[in-house]
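*Asks:* Residue numbers for the sequence shown follow UniProt numbering, so the first one is 1 and each next one is one higher.
Before I ask anything, let me first share the structure, which is written out below as structure tokens.
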Amino acid sequence: MDFKKLTQNNNNYEVNHKLPFASRTPATCSADDVKQAFLFSWNMTFGATGEHRSHRSGGKISRDNRQKFSDVFIGKLGEVAFYNVVKNREKVHKVTNIDYECYGLGAWDSSDFVVNDQYHIAIKTTKHFGNLLLLEEKDWIIRDGKATYLPNQHSESKGIYDFLFFSRVNTDLHDLLNQIKISTEADPEALKPIFLEQILPKVSVALEVVGYVSNRNLVKMIEEEYILPQNAMLNGKTQMDASNYYLQSGFFREIPAG
């Protein structure tokens, strides 16, 4: 598979092979899917039964709970998108369920999904307007010819994914969260009813699976240094807080119909 690098002008990098949202495989999302992702996000942030890293690998920006909540919600819905698309596929005889268990900092599940008891699948997700898969550079190496995710190297999958799928999520959760004043000293138990009664019923969601790449494709990205450096500007608007390997949305293989 041929890829293309971003257009570089000094320290600015421009996407040149994008796909508009909803141009690839749409995914269903039930009210229960949204609620489970919402509760998972609560438990991983304000509920404090699990924790996502507040800094990206090599990054400098710390994420508060409000931002973490939104990020976790979008990430989990990306898994929902994949699961709902593939579970009824003819060639998929078995797929593990969506994992809503909360892990502490530094603890990871083996992989997002295992298909047909054979293929380890990773899911990466971005917002609906995003056109880049970003993999934090310090988290990935090539070992024995395989692209390996270092934080997960001691798990069942040994940090090696056979395929990586890229999802996009369109949701207004971020805007809804910003409408609520949250003190740094707020009691989580007092906040929870507000989240469940005032935010959850209003959240809108649309999902898409852009496509997938193989482990061999990930090796190509690493070997050929598809890197967006720390402090680089993306599309003249966003400064990168960590160095990332990248792949543009237009280069993902589309999921075959049926």
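Where a beta carbon is used, it is the ideal one built from N, C-alpha and C, also for glycine.
None of the values given here were measured: they were computed from a predicted structure.
(1) Cα-Cα, which of Q153, N65, A22 and D139 is closest to E185?
(2) Would you report the Cα separation of F129 and I142, rounded to the nearest angstrom?
(3) Verify whether the separation of the beta carbon atoms of Y235 and V15 is less than 8 Å.
(4) Strictly by DSSP, which residues pair up with M233?
(5) At 3 residues or longer, and completely inside the stretch 111-170: list those beta strand (DSSP E) runs for me, N to C.
(6) Grouping DSSP H, G and I as helix and E and B as strand, with all else coil, what is N244?
(7) For A27 versus L207, is the C-beta spacing smaller than 8 Å?
(8) Would the stretch 70-90 and the stretch 119-127 be scored as touching if the rule is three or more Cβ pairs under 8 Å?
(9) By how many angstroms is the C-alpha of F165 removed from the C-alpha of W42?
(10) By a C-beta neighbour count over all protein chains shown, 10 Å radius and 16 as the cutoff for buried, is S70 buried or exposed?
(11) DSSP state of G211, grouped into three classes?
*Replies:* This is what the structure gives:
(1) As a first step, residue 185 is located in the sequence shown; it is residue number 185 there, counting from the start. Taking only the C-alpha atoms, the option nearest E185 is N65.
(2) As a working mapping, residue 129 is identified with position 129 in the sequence shown. As a working mapping, residue 142 is identified with position 142 in the sequence shown. Near 30 Å, if we compare the C-alpha coordinates of I142 and F129.
(3) In the sequence shown, counting from the first residue as 1, residue 235 sits at position 235. In the sequence shown, counting from the first residue as 1, residue 15 sits at position 15. The question names Tyr, but residue 235 is Asn in the sequence shown. Cβ distance < 8 Å, so N235 and V15 count as in contact.
(4) Here residue 233 is taken as the residue at index 233 of the sequence shown, counted from 1. According to DSSP, M233 bridges with N12 and Q239.
(5) 113-115, 119-127, 132-136, 140-143 and 146-149
(6) Taking the first residue of the sequence shown as position 1, residue 244 is located at position 244. N244 falls in the strand class under three-state DSSP.
(7) Counted from its first residue, the sequence shown places residue 27 at position 27. Counted from its first residue, the sequence shown places residue 207 at position 207. Cβ distance < 8 Å, so A27 and L207 count as in contact.
(8) yes
(9) Walking along the sequence shown from the start, residue 42 turns up at place 42. Walking along the sequence shown from the start, residue 165 turns up at place 165. Their Cα atoms are separated by approximately 25 Å.
(10) One-based indexing of the sequence shown puts residue 70 at position 70. It is buried - the Cβ of S70 has at least 16 other Cβ atoms within 10 Å.
(11) As a working note, residue 211 is residue 211 in the sequence shown. Strand.
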